[in-house]
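In what follows, a single structure is set out as structure tokens and then discussed.
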Amino acid sequence: MNSKNKNKILIIILVILLPIIAGIHLFSGTISIHFSDFYSALTHFDSENTNHIIVKNLRFPRLVMGIIAGGGLSIAGLLMQTLFNNPLAGPDILGLNSGSSLFVAFSLMTGIPFFNSDFGTIMSALLGAFAFGLVILAFSMVVKSHVSLLLIGIMLGSFTGAFVSILQSLSNPEDLKMFIMWAMGSLQQVEFSQLPIIILFFISGTLSCLFVVKSLDALVLGESQALLLGIKVKYIRIILIAITAILTGLITAFCGPIAFVGLAVPNLVKILFKTQSHRTLLIGCLLTGSVFLLICDIFVQLLESTIHIPINALTSIIGAPFVVVIVLKRLA
Amino acid sequence: MIDLKNIEIGHKSVLFKIDDLQLVKGKMYALIGANGSGKTTFLQSITGINKPLKGEVMVFDNSISKLNRIEKAKTISFVGSKFDGIDYLKVKDYIALGRTPYTNALGRLDETDLKVVNETIELLQLDHLKNKFTTELSDGERQLAAIARAITQQTEIIILDEPTAFLDYANRKKVMELMKKISIELNKCVIVSSHDLELCLESEIDLLVVSKKASVLKLYEANSLSKIELIEIGF
Chain S
1 MNSKNKNKIL
11 IIILVILLPI
21 IAGIHLFSGT
31 ISIHFSDFYS
41 ALTHFDSENT
51 NHIIVKNLRF
61 PRLVMGIIAG
71 GGLSIAGLLM
81 QTLFNNPLAG
91 PDILGLNSGS
101 SLFVAFSLMT
111 GIPFFNSDFG
121 TIMSALLGAF
131 AFGLVILAFS
141 MVVKSHVSLL
151 LIGIMLGSFT
161 GAFVSILQSL
171 SNPEDLKMFI
181 MWAMGSLQQV
191 EFSQLPIIIL
201 FFISGTLSCL
211 FVVKSLDALV
221 LGESQALLLG
231 IKVKYIRIIL
241 IAITAILTGL
251 ITAFCGPIAF
261 VGLAVPNLVK
271 ILFKTQSHRT
281 LLIGCLLTGS
291 VFLLICDIFV
301 QLLESTIHIP
311 INALTSIIGA
321 PFVVVIVLKR
331 LA
Chain X
1 MIDLKNIEIG
11 HKSVLFKIDD
21 LQLVKGKMYA
31 LIGANGSGKT
41 TFLQSITGIN
51 KPLKGEVMVF
61 DNSISKLNRI
71 EKAKTISFVG
81 SKFDGIDYLK
91 VKDYIALGRT
101 PYTNALGRLD
111 ETDLKVVNET
121 IELLQLDHLK
131 NKFTTELSDG
141 ERQLAAIARA
151 ITQQTEIIIL
161 DEPTAFLDYA
171 NRKKVMELMK
181 KISIELNKCV
191 IVSSHDLELC
201 LESEIDLLVV
211 SKKASVLKLY
221 EANSLSKIEL
231 IEIGF
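Chains as they are written, first to last, in our numbering: chain S, 1 to 332; chain X, 1 to 235.
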């Protein structure tokens, strides 16, 4: 009972913390904007007012993307970790991100108009992540060692990286610039008008988790035991890859690859909540991931006037040592 | 309740045959045979993970392969030889996972589920462990937790694959006595595979022996075999 109450309090703290951090995020940036402008920019938008333009086209989409990318990648990481029974699994390390990158690079450089639309980009990123997810799933049936599977994921990433480089060298300068900007990773590439479709995909991805909560709890015991508890393991595996692909693909399409969030946050959440109940873990990942990525982005914005750090670099600087700590803790 | 008639057990080639065997509720059976004799394959045939090469395993007059996942999960539970514990998974939450076939789509435990979990914890005297993490337990305690998880699954058949392999003598004895008590008091059909001949003989339970020479699985009632006879048949 005690630990359940403790977790409720933790969630309440995170629920209170998220809007506070979101507020700080909105106000951080090189140009200071008054509170009243935020309100009026969203209620009576004035296209002549620079502050309004900054709020609507820059600050607000960036905030929404921060929440979606942080929460979504963390949930995707949790799903991969439970599916593969491996605390070091994640969409990035298993190569789902690189699948998105490859498909997006390919589609951007084909010059076919469909692929330059928002929906086209999302679909190619999503398909890329799903295809690579299925490849990893197929490998996981043969490779029983956790470490080997991670290595295969990393190799898949390098292999794809090479193809992306080749595509880059073949493409015209304009497409190349577009792709390199994308590959740096940023929360600032989204426009206000794109938010509805992004939010729609994000909500459908997150809500689908409700259907697999019970299976995730049982999968913690391993696939064979889950099967004997009546879980449709084969079917659930594909569903989990699909949800991960929706979340990873969506975020990779609009923010570029963001490393380590999916790997580090679920582990942090398990340490904080000390539970294997996926209902709690999913909510924890959603909130903690959002708060974590927004804090990272606040630093990116604060430093922006002196030096531009891609968000991808900052999450790696924080995430990589944390993952090393987890590995050391497991060996000890 | 488990009917085995004209069955051939094996992977690609036949490991052993079963002519005609009935396993009933309220009894505990020890499955004995040499390494590679097909004990695990036999247990997998009963849980429905593998099909027998010939014939069908019948449970309550239904073929096990015809039961759907949920029906099967409500009929047969399985305990492996070793449960290593899982990070941040509490003993009571682990035991409650046995209720998976009964809970709603979200896996929420209702009053009945909680009652079953609490009764099982009481029955196995795990009250002092229930709030610990599964990783904090000793091997013996973890095996008891695994048995508790199987009991909350409320199945007529409980299968244990070498549950005592990693335990010391006191814990081996405890597990066997506990399972015998469960088979009688809760009226379950319990099948335990084991390499521990003395323990199986001491426990006074029926023996299912894979005979080395004839490659046949045969049932010997409790106290009908001496250790020497048992070794002669099985090894």
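Glycine included, each C-beta is placed from N, C-alpha and C at the ideal position.
{"Query": "Use the C-beta contact count for residue 114/S: other C-beta atoms within 10 angstroms, 16 or more gives buried, fewer gives exposed.", "Result": "exposed"}
{"Query": "Spell out a yes or no on whether the region 119-128 of chain S and the region 206-220 of chain S are touching, meaning 3 or more CB-CB pairs, one atom from each, closer than 8 Å.", "Result": "no"}
{"Query": "Give me whichever residues DSSP pairs with residue 113/X in a beta bridge.", "Result": "Beta-bridge pairing links residue 113/X to no other residue."}
{"Query": "In chain order, which continuous runs of the beta strand (DSSP E) of length 3 or greater are located wholly inside the region 121-196 of chain X?", "Result": "157-161, 189-193"}
{"Query": "In terms of residue numbering, what span does the alpha helix (DSSP H) encompassing residue 39/S cover?", "Result": "35-43"}
{"Query": "Is residue 183/X near residue 33/X, with beta carbons less than 8 Å apart?", "Result": "no"}
{"Query": "Identify whether residue 235/S lies in helix, strand or coil by the three-state DSSP scheme.", "Result": "helix"}
{"Query": "List, in order along the chain, the chain X residues whose C-beta lies closer than 8 Å to that of residue 147/S?", "Result": "The premise fails here: residue 147/S is roughly 17 Å from chain X at the closest Cβ pair, so nothing lies under 8 Å."}
{"Query": "Where do the N-terminal and C-terminal ends of the beta strand (DSSP E) with residue 10/X fall, by residue?", "Result": "2-10"}
{"Query": "Specify, as a first and last residue, the run of the beta strand (DSSP E) that residue 19/X falls within.", "Result": "14-23"}
{"Query": "Going by the beta-carbon positions, is the gap between residue 86/X and residue 117/X smaller than 8 Å?", "Result": "no"}
{"Query": "For residue 16/X, which residues in chain S fall below 9 Å Cβ to Cβ?", "Result": "Correct list: empty, because the minimum Cβ distance to chain S is about 23 Å."}
{"Query": "Going by beta carbon distance, what residues of the same chain come within less than 7 Å of residue 155/X, once the five residues before and after it are set aside?", "Result": "74, 75, 76, 77"}
{"Query": "Could one say the Cβ of residue 268/S lies closer than 8 Å to chain X's Cβ atoms, at least one of them?", "Result": "no"}
{"Query": "When you compare each of 1/X, 81/X, 200/X, 150/X to residue 60/X by their alpha carbons, which one comes out closest?", "Result": "1/X"}
{"Query": "Within the same chain, show all residues whose beta-carbon is closer than 6 Å to that of residue 171/X, passing over the 5 residues directly before and after it, in chain order.", "Result": "140"}
{"Query": "Within 8 Å of any Cβ in chain S, is that where the Cβ of residue 172/X sits?", "Result": "no"}
{"Query": "With DSSP run on the structure shown, which of helix, strand or coil describes residue 292/S?", "Result": "helix"}
{"Query": "Just the Cα atoms here: how many angstroms apart are residue 222/X and residue 201/X?", "Result": "8 Å"}
{"Query": "Within the continuous beta strand (DSSP E) that includes residue 22/S, where are the two ends?", "Result": "No beta strand (DSSP E) holds residue 22/S; the alpha helix (DSSP H) holding it covers 2-27."}
{"Query": "Going by CA-CA distance only, name the one from 80/S, 123/S, 161/S that's closest to residue 134/S.", "Result": "80/S"}
{"Query": "Helix or strand or just coil, what does DSSP make of residue 62/X?", "Result": "strand"}
{"Query": "Going by the CB atoms, is the gap between residue 262/S and residue 187/S shorter than 8 Å?", "Result": "no"}
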